[in-house]
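Reviewing the structure listed below.
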Amino acid sequence: MPGDINRTWKLIGADGKTYDSTQAGSLGGHRRSRIYGRLDCRSALQAIAKGGYVMNRVFFLDRADAEGAGYRPCAVCLPQDYARWKIRKI
Ligand SMILES: [Zn+2]
Numbered sequence: 001m002p003g004d005i006n007r008t009w010k011l012i013g014a015d016g017k018t019y020d021s022t023q024a025g026s027l028g029g030h031r032r033s034r035i036y037g038r039l040d041c042r043s044a045l046q047a048i049a050k051g052g053y054v055m056n057r058v059f060f061l062d063r064a065d066a067e068g069a070g071y072r073p074c075a076v077c078l079p080q081d082y083a084r085w086k087i088r089k090i
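Read in order, the letters of the sequence shown correspond to residues 1 to 90 in UniProt numbering.
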């Protein structure tokens, strides 16, 4: 947000550690299942609605950080990234 220079966000960096970012994260993730996806992911929002997910919710600035931290793309909201990730794993 313009003018809101003191706002920081807790994000996970490519080293897997939490840090304070001056930019909002563009991706969400689940610490236990090690999956990252869009903030509006249908599957993540369903899990959040059921409860129990929020405690494990983490955020990333971008995809490079998420994958650097060892998270894989969500098959529901990032099917193309997921396919790419699967191919690379083989
Ligand atoms: Zn997703």
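Note that the Cβ used here is the ideal one computed from N, Cα and C, for glycine as well.
For residue i, report the span of its beta strand (DSSP E) as first-last.
{"i": "Asp15", "result": "Neither: Asp15 is in no beta strand (DSSP E) and is coded neither H nor E."}
{"i": "Tyr36", "result": "Ile35 to Arg38"}
{"i": "residue 93", "result": "Because residue 93 is not part of the residues shown, which for the chain are 1 to 90, the question remains open."}
Keeping to the same chain, check which residues put their C-beta closer than 7 Å to that of residue i; ignore five residues upstream and five downstream.
{"i": "Arg31", "result": "Asn56 and Val58"}
{"i": "Leu61", "result": "Leu11, Ser21, Gln23, Gly25 and Ser26"}
Starting from the C-beta of residue i, find all residues in its chain whose C-beta is less than 6 Å away, skip the five residues before and the five after it, and write them out in chain order.
{"i": "Gly13", "result": "Tyr19 and Asp65"}
{"i": "Tyr53", "result": "Ala47"}
Grab me the residues of residue i's own chain with a C-beta within less than 8 Å of its C-beta, minus the 5 sequence neighbours each way, in chain order.
{"i": "Arg72", "result": "Arg34, Ile35, Tyr36, Tyr82 and Trp85"}
Using 7 Å as the threshold, is the C-beta distance between residue i and residue j below it?
{"i": "Ala69", "j": "Gly16", "result": "yes"}
Item to complete: Using the beta-carbon of each residue, find all residues closer than 5 Å to any heavy atom of ligand 2 and list them in chain order.
Response: Judged by which ligands are present, ligand 2 is missing from the structure shown, whose ligands are ligand 1.
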